[in-house]
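In order, the protein sequence lines correspond to chains Y and X.
Quick note on numbering: the first sequence equals residues 1 to 390 in this note's numbering.
Quick note on numbering: the second sequence equals residues 391 to 649 in this note's numbering.
Where is the CB? At the ideal position from N, CA and C, for every residue including glycine.
Below: one structure, written as structure tokens.
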Amino acid sequence: MSVALPWVLVAAVLGAMVVGLLHYLARRTSTPWLLPTARFLPAGDVPVTSVQRALDDRRLLLLRLLALASLALGAAGTRCTGIGASTRHILVVDRALMRDSTRWVASLSEEGRTVPRSAIQAVPAPLAEWPSLAFVEALQVAAQVARAEPAVRHLALHVLLPDSVRLDDGWAAWRAQWPAQVDVQVVGRPVDERTLSAAAAPVSAPEIRWPPRAGITGTLRGFVPRPVADTVGALVAGGSPIVAPWLRRWEAVASVGVSGAATGRPMAWWSDGEPAVLEFATANGCERSVAVETPPGSDLLISPAAVGWQRVLAAPCGGAASARRMASRDLMSDSTLRRASWPRHLSADWLRDGREAQRWPSPRWLAPAFLTISLLLLGAEAWWRSRGRS
Amino acid sequence: MVGEFAEYRLYRQGDDPRTLDWKLLARSDRPFVRLADDRAQLPTVVLLDASASMAFPMPGGSSPSKWVAASAIAIGLLAVARATGDPIGCLVAHDVVPLRMAPRSRRGTLEEIMHRIGATTPSGSAPLAPLIHEVPRHARLVVISDALGDHDAMVAAVRGRLGAGGSAMLVHVVAPEELDLPSGVHRVEDPERTVEPRQISSANRRAYAESFGAFREAVATAWYGMGASYALVPSDRDPVRTVRALVAAAASSLGAGRA
Chain Y
1 MSVALPWVLV AAVLGAMVVG LLHYLARRTS TPWLLPTARF LPAGDVPVTS VQRALDDRRL
61 LLLRLLALAS LALGAAGTRC TGIGASTRHI LVVDRALMRD STRWVASLSE EGRTVPRSAI
121 QAVPAPLAEW PSLAFVEALQ VAAQVARAEP AVRHLALHVL LPDSVRLDDG WAAWRAQWPA
181 QVDVQVVGRP VDERTLSAAA APVSAPEIRW PPRAGITGTL RGFVPRPVAD TVGALVAGGS
241 PIVAPWLRRW EAVASVGVSG AATGRPMAWW SDGEPAVLEF ATANGCERSV AVETPPGSDL
301 LISPAAVGWQ RVLAAPCGGA ASARRMASRD LMSDSTLRRA SWPRHLSADW LRDGREAQRW
361 PSPRWLAPAF LTISLLLLGA EAWWRSRGRS
Chain X
391 MVGEFAEYRL YRQGDDPRTL DWKLLARSDR PFVRLADDRA QLPTVVLLDA SASMAFPMPG
451 GSSPSKWVAA SAIAIGLLAV ARATGDPIGC LVAHDVVPLR MAPRSRRGTL EEIMHRIGAT
511 TPSGSAPLAP LIHEVPRHAR LVVISDALGD HDAMVAAVRG RLGAGGSAML VHVVAPEELD
571 LPSGVHRVED PERTVEPRQI SSANRRAYAE SFGAFREAVA TAWYGMGASY ALVPSDRDPV
631 RTVRALVAAA ASSLGAGRA
């Protein structure tokens, strides 16, 4: 159990001390003491009240202290971490495998124990095409879980890959975004023969298509203009990110779900996982749609940080991020998946904004409950006080 | 004279001149009266003060109440007197149920007195002086009181008895709490409501000690001054030791009288 505003508790403790002191030193009508030799005391004004030095009205004091404690616990944003699952398991499943998600969820275990269904959040993603999307989706879901459920302390990532995937250069870069161990499992699935034959197409020089400049009407294959341009912090290509305040005006059609649109092969991604460069096979080779815009005169794409970008862009058709099918077990051999120096689970606090995370009580009903109890106790205190007077 | 000669005693003011032994006066130049058997049995009457002030300290206090101490001393003195064959009697000054037992020698008198005293609870503010007048003149009177009631009237009554040849003693019982007031500030009231409520504080503690000390001194002076005996007894003192001391003092005064 923790509190968001510890100073409220400190103030409550000080208040309790003041209340206790007032009880201890309350002025009350003094009980006369019978003394036969009272006549030998000098006559004078005798105060009717005296300072009480013995603790009195213990029940009233108890009610007041309990009301104060409830008020403080309610106002301090008390967080009970013991309520609800403390570890949430994020299961990123390939879309084709999602049909059997119930089976995968039921079979998910950790240290020999079956993970309860309530602690698992299954997320579908096109992992067969872009396996690194597992990390993108996982990070998004993890951030949502961490924000919405303050009781969650740790996040575990399980990735369910099909038997074969396309090579994904972004894997290592995105893998680094999840600084904890990852459980990757491979499930057998019929290989898409059409995709395999496409992947076996001859390699030739690519044709680069840049987006039309702002204000000029035009199209970009595989992309549609965004209703409102936004910004993104990094562009990942060739396994290395280029960090800059990128303006993003285009959106991959696969992301917006345009039916019937040809989805190209992504070769570079924005930091949120959205494709930034798509390659389409053509009769003469291939065509690459580059949805990346730089300010006029910018040297971002020729800077040393953009070596990966340049390599991707200059690669022959089907190169760099090869379209050939590779075994998912190659990804499983990634030594970082079970790196011992990384924690087994990702700490949810890592994904939380410190102030935001501590601002609200957990569970949400806790503060109203404390405040209600406090009101009830104050009512009882008033009733008890009026009863004592009557 | 009725009865057989028993002993001589120094003449006191008020003695019957016919009892003077003139021959002895001529030989010794000191006046002695002849006491017969019937007068040698000196009745002893205890007058107990059962006013509300004697109930102090209340039950639960650190010391026994003045009433408990006074009762024990009274019974002890009466037991000693009864053992020497003297008739014993008892008077208890109480507002509601005063006790009047004339001196007598028959068996069971002491037990009856014990029973009656044990059934008495101090209360009210009954005066003692009227009861003193009821005590036979030739009887030995022992007044056990805190002297906080009608003390002046009591002294006047005793003075009259002594003038008529009687003897008297005051056992002045005080509680330790009266001698040394408790610390702190307290609002106090007289259980007999003789004065308005007062306050104990560090400022008036010294004045109280001086005033109460002067009162005790005045009481002692008054009793000694009229030829009576006086003893100040704290209520927490062992009653057996107190009775022994009182009997020894009475015997020595009697011896001095004989000498």
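When Cβ-Cβ separations below 9 Å define contact, T37(Y) makes contact with chain X. For chain X, none of the residues of the region 15-27 of chain Y brings a beta carbon within less than 7 Å of one of its beta carbons. Close to W33(Y), with beta-carbon spacing below 9 Å, are these residues of chain X in chain order: P572, H576, R577, V578, E579 and I590. C-alpha of D626(X) to C-alpha of P572(X): approximately 16 Å in a straight line. In this structure, V435(X) places its C-beta atom within 9 Å of the C-beta atom of V525(X). Less than 9 Å separates the beta-carbon of A268(Y) from that of V312(Y). Residues of chain Y with a Cβ closer than 7 Å to the Cβ of D536(X) are, in chain order, P36. The region 141-158 of chain Y makes contact with the region 339-351 of chain Y; the number of CB pairs closer than 8 Å reaches 3 or more.
One Cα belongs to R153(Y), the other to S347(Y), and the distance between them is close to 6 Å.
When Cβ pairs closer than 8 Å are counted between the two stretches, the region 54-73 of chain Y is seen not to touch the region 609-626 of chain X, the count staying below three.
Interface with chain Y (9 Å Cβ-Cβ cutoff): P587(X) is included.
For S601(X), the enclosing alpha helix (DSSP H) stretches over residues R595 to G615.
Contacts between F602(X) and chain Y, judged by CB atoms closer than 8 Å, involve T37 and F40 in chain order.
One Cα belongs to P245(Y), the other to D299(Y), and the distance between them is close to 14 Å. Per the DSSP secondary-structure output, F223(Y) pairs in a beta bridge with L220(Y) and A252(Y). Distances from the CA of R472(X) to each of S452(X), T499(X) and W457(X) were compared; the closest alpha carbon is that of T499(X). Taking C-alpha positions only, A156(Y) is separated from V184(Y) by approximately 11 Å. If you draw a straight line from the Cα of Q431(X) to the Cα of L622(X), it is about 27 Å long. Judged by beta-carbon spacing, P211(Y) lies within the 9 Å limit of L220(Y), meaning their Cβ atoms are closer than that value.
For Y598(X), the C-beta contacts it makes with chain Y under 7 Å involve F40 and L41, in order along the chain. Among the residues of chain X, those whose CB is under 9 Å from the CB of G44(Y) are R588, Q589 and N594, following chain order. The beta-carbon of F395(X) is placed no less than 9 Å from the nearest beta-carbon of chain Y. DSSP lists no bridge partner for L415(X). Taking 9 Å as the threshold, the shortest C-beta distance from F446(X) to chain Y falls below it. Taking a Cβ-Cβ threshold of 7 Å, the residues of chain Y close to T584(X) are R39, in chain order. The beta-bridge partner set that DSSP reports for G479(X) consists of V435(X). Residue pairing of F422(X) in beta bridges, as defined by DSSP: L400(X). In its chain, beyond the 5 residues on either side, A125 and G273 have a beta carbon closer than 6 Å to the beta carbon of L133(Y). Within chain Y, the C-beta atoms nearer than 8 Å to that of E568(X) come from L35, P36 and T37, in chain order.
Here E287(Y) is bridged, per DSSP, to E207(Y) and F280(Y). If the five residues before and after R209(Y) are omitted, its C-beta is found closer than 7 Å to the C-beta atoms of L220, R221, E287, R288, S289 and V290, all from its own chain and listed in chain order. Under the three-state reduction of DSSP, L247(Y) is assigned to strand. Contact note: F605(X) reaches chain Y through F40, using a C-beta cutoff of 7 Å and chain order. According to the DSSP assignment, I90(Y) belongs to the beta strand (DSSP E) that extends over T87 to D94. Within the model, the alpha-carbon separation for I90(Y) versus W383(Y) is close to 52 Å. Sequence-distant partners of L371(Y) (beyond 5 residues in either direction) whose C-beta falls short of 6 Å from its own C-beta, in its chain, are G74.
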